[in-house]
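Residue numbers (the working numbering), protein chains in the order written: chain R, 36 to 348; chain Z, 14 to 452.
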């Protein structure tokens with residue numbers, strides 16, 4: 036069809052299928068590759084290359100400084116009886132499965148609020164996006180001050196309500212929730228912007244139809260907003276889960292993995308293994324397991340999206 | 014036409030730029046024969062000392078000196094990268110507690126053959142403690158440039174205000190006397206008897222003084238659950254939890270940082286601080302009178318941690334570079350160079366012949382040399398494993414829970430001992446591997 040259309044165009048020479056490609060097409064392809072090249076090189080050098088290298092290193096016994104030896108699957112079999120690995124894995128799951136739903140709820144609530152046609156919405160949107168745009172380490176230091184048990188702001192506010200706040204970052208029970216609260220605050224801005232864009236793309240006539248049908252606001256939210264926002268929700272869920280499994284900097288700065296190993300996350304343990312204990316092979320094996328786990332979780336989400344995500348308006 | 018030309022020009026410019034960037038990235042570094050060395054440096058004052066070192070090297074060796082200075086926090090990471098990429102300096106500065114980590118992994122070479130071939134070099138001019146700290150598995154891997162025991166700083170003004178006589182300048186007080194004083198000097202409001210970090214690096218001085226250690230004699234298991242270590246841990250934790258003579262812990266990360274105890278002491282409301290004489294330069298800024306005395310004596314006497322730093326040669330250095338590296342290392346650790354270091358007040362130099370250069374104030378600074386020469390108090394070289402980073406981190410995560418009173422000392426020890434034993438077995442394996450490599 037396209038070929039017929041093109042051959043029918045006046046002044047355009049006809050081209051037989053399988054014949055030589057016109058110069059302008061070659062030039063376009065070349066230009067496309069040229070534009071892609073920076074990203075492609077970046078991907079190959081900084082993403083694909085390290086992933087392949089990690090796979091190779093996971094089979095080696097290598098301390099960085101001496102020549103590596105072949106370890107076969109030993110680094111993977113070591114994972115089974117390593118209690119610290121499983122503890123870090125559990126901590127990472129805890130962090131992910133609490134922080135992601137909380138981030139989604141906060142992001143969605145704020146996006147709905149900002150979608151109400153407020154005046155100076157751009158100002159509010161920018162202010163709410165600030166935590167996301169700020170460096171995690173800087174935010175973590177601010178939260179360390181907020182969490183100081185004796186004169187931190189969090190316990191001061193709790194004190195107003197007669198609550199004796201805990202020693203957040205050094206408490207067995209409260210260190211991880213404290214990290215989660217900080218992480219939610221840090222990252223809700225990203226989801227909020229995505230949700231806001233999704234909300235603004237929903238056709239107004241659907242809301243009008245719902246209103247004419249006498250739907251309550253809650254029913255409208257469940258039957259119109261949420262289904263049509265599901266592609267945005269899916270995107271935010273997938274990216275948030277991936278980021279949460281890679282949590283590292285806030286735990287390193289705020290608790291250094293403690294107290295005990297209560298906030299030692301998988302990426303932190305990988306870092307300790309690889310760059311503090313110089314066991315590159317074992318660290319690479321842990322990275323491969325984390326990579327595989329994230330891949331499986333993401334694949335499951337993509338399978339579920341067929342049933343739960345609605346792309347049609 | 015103009016569009017085609019401009020595109021071509023753009024592509025040429027881009028290609029030229031890329032080529033230039035590539036060439037600059039492939040810089041070959043300093044020319045052969047340059048005396049390259051690396052060191053940590055976190056302040057302009059430190060930078061000046063190392064610049065003086067550089068000038069001293071150029072004057073004595075008649076070679077160009079190029080030093081790579083990195084802030085102390087990032088120094089090990091940078092050293093790792095340089096060693097792995099083959100871009101390390103001919104001589105690298107190294108904190109003593111990291112020496113077994115690098116030596117066991119073959120990152121640095123033993124120096125025994127170079128020492129044996131050099132009749133001008135006198136290893137006996139170095140304090141025994143730094144020779145122990147600079148050795149691993151019976152071989153010398155580094156030549157020291159500073160060494161010092163932990164001492165007890167005290168706030169003279171605060172003691173005078175309470176009508177308490179200064180402690181003996183040479184005789185260590187007993188733990189009980191120290192505890193009584195710390196309790197007496199605490200309170201009633203915002204006054205504290207003592208400060209130290211709730212970390213293993215500070216706790217070891219108490220453990221050594223109780224006759225214990227972190228690692229057992231065979232080097233394959235934790236000794237933290239032995240009665241001596243338990244006694245020491247109980248004593249210090251009681252200072253925090255029962256006696257409440259220490260400033261409150263608000264955050265583990267900063268509490269474990271070595272600077273926190275110093276910051277507490279400099280506030281002026283803490284009577285005693287355990288720390289090394291390497292902090293003398295910082296404590297001189299204190300707005301009150303102070304001095305140092307020996308570390309309190311436990312059941313085994315006063316045995317505070319003795320720490321030091323050294324210069325070492327990476328394994329990749331060989332041929333004519335090795336000769337240059339050895340001459341450079343000797344110059345950097347010569348009496349003249351260490352006099353520069355000590356005169357600047359950085360720390361106590363590692364050579365006996367440079368001992369007089371580290372001068373007061375404080376009035377009792379000569380104590381450091383007396384301790385190292387065995388004429389006062391006592392000391393214990395810092396015994397570390399080949400994975401001390403991990404040991405330190407494990408204990409820094411687990412011990413503070415006891416310092417906070419969330420766990421008893423026994424509960425904390427029982428909790429971390431199995432994981433500490435895993436690290437100790439890894440240490441034993443690393444030592445064995447290093448032995449096999451050197452055979």
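Where is the CB? At the ideal position from N, CA and C, for every residue including glycine. Computed from a predicted structure; not experimentally measured.
In the DSSP assignment, residue 207 of chain Z forms a beta bridge with Z:285. For the pair residue 50 of chain Z and residue 345 of chain Z, the CB atoms are nearer than the 9 angstroms cut-off. In this structure, the alpha-carbon of residue 330 of chain Z lies about 16 angstroms from that of residue 80 of chain Z. Within the model, the alpha-carbon separation for residue 245 of chain Z versus residue 141 of chain Z is close to 26 angstroms. Residue 205 of chain R and residue 175 of chain Z have their alpha carbons spaced roughly 34 angstroms apart.
At least one beta carbon of chain R lies nearer than 9 angstroms to the beta carbon of residue 413 of chain Z. The beta carbon of residue 227 of chain R sits closer than 7 angstroms to those of 142, 145, 146, 163, all from its chain and outside the five residues before and after it, given in chain order.
DSSP, read as helix, strand or coil, puts residue 167 of chain Z in strand. Residues of the region 97-113 of chain R with a C-beta atom less than 7 angstroms from some C-beta of chain Z are 98, 99, 100, 101, listed in chain order. In the same chain as residue 220 of chain R, and ignoring 5 residues on each side of it, the C-beta atoms closer than 7 angstroms to its own belong to 166, in chain order.
Assignment of beta strand (DSSP E) within the region 38-62 of chain Z, counting only whole runs of 3 or more residues, yields 48-53 in chain order. In the three-state reduction of the DSSP assignment, residue 332 of chain Z falls in the coil class. Residue environment: residue 198 of chain Z is assigned as buried (16 or more neighbouring CB atoms within 10 Å of its CB, all protein chains considered). The contact set of residue 294 of chain R on chain Z, defined by CB atoms closer than 7 angstroms, consists of 265, 410, 413, 414 in chain order. As computed with DSSP, residue 323 of chain Z is found in a beta bridge with Z:107, Z:157.
Of all residues in the region 114-127 of chain Z, those with a C-beta nearer than 9 angstroms to a C-beta of chain R are 114, 115, 117, 118, 119, 120, 121, reading in chain order. Beta-bridge partners of residue 263 of chain R (DSSP): none assigned.
The residues 203, 204, 290, 293, 294, 297, 298, in chain order, have a CB closer than 8 angstroms to that of residue 210 of chain R in the same chain once the five nearest residues on each side in sequence are set aside. Within the model, the alpha-carbon separation for residue 391 of chain Z versus residue 384 of chain Z is close to 5 angstroms.
Among the CB atoms of chain Z, none fall inside 9 angstroms of the CB of residue 199 of chain R.
Around the beta carbon of residue 297 of chain Z, fewer than 16 other beta carbons lie within 10 angstroms, which makes this residue exposed.
With respect to chain R, the C-beta atom of residue 280 of chain Z has no partner C-beta closer than 9 angstroms. A Cβ-Cβ separation of about 22 angstroms leaves residue 117 of chain Z out of contact with residue 409 of chain Z under the 8 angstroms criterion. Relative to the Cα of residue 228 of chain Z, the nearest Cα in the group Z:252, Z:242, Z:44, Z:290 belongs to Z:242.
Cβ contact annotation for residue 422 of chain Z (same chain, cutoff 7 angstroms, sequence separation greater than five): 243, 246, 247, 250, 415, in chain order. For the C-beta of residue 96 of chain Z, the chain R residues within less than 9 angstroms are, from N- to C-terminus, 99, 100. For residue 207 of chain R, the residues of chain Z that pass the 8 angstroms Cβ criterion are 414, 419, in the order they occur in the chain.
Using a Cβ-Cβ distance cut-off of 8 angstroms, the region 174-192 of chain Z and the region 142-157 of chain Z are not in contact, since fewer than three pairs of beta carbons, one from each stretch, lie closer than that value. Among the residues facing chain R, residue 100 of chain Z is not included, as its CB has no counterpart in that chain under 9 angstroms away. By the Cβ rule, the region 428-439 of chain Z does not count as touching the region 353-360 of chain Z, because fewer than three pairs are nearer than 8 angstroms. Check the Cα spacing between residue 148 of chain R and each of R:334, R:234, R:272, R:96: the tightest is with R:234.
In this structure residue 452 of chain Z is exposed. Its beta-carbon is surrounded by fewer than 16 other beta-carbon atoms within 10 angstroms.
For the pair residue 221 of chain Z and residue 310 of chain Z, the CB atoms are not nearer than the 9 angstroms cut-off. Per the C-alpha coordinates, the member of R:218, R:88, R:160 positioned closest to residue 173 of chain R is R:218. Beyond the five residues adjoining it in sequence on each side, residue 191 of chain Z comes within less than 7 angstroms, by CB distance, of 309 in the same chain, given in chain order.
Excluding sequence positions up to five before and after residue 334 of chain Z, its CB lies within less than 7 angstroms of the CB of 103, all in the same chain and listed in chain order.
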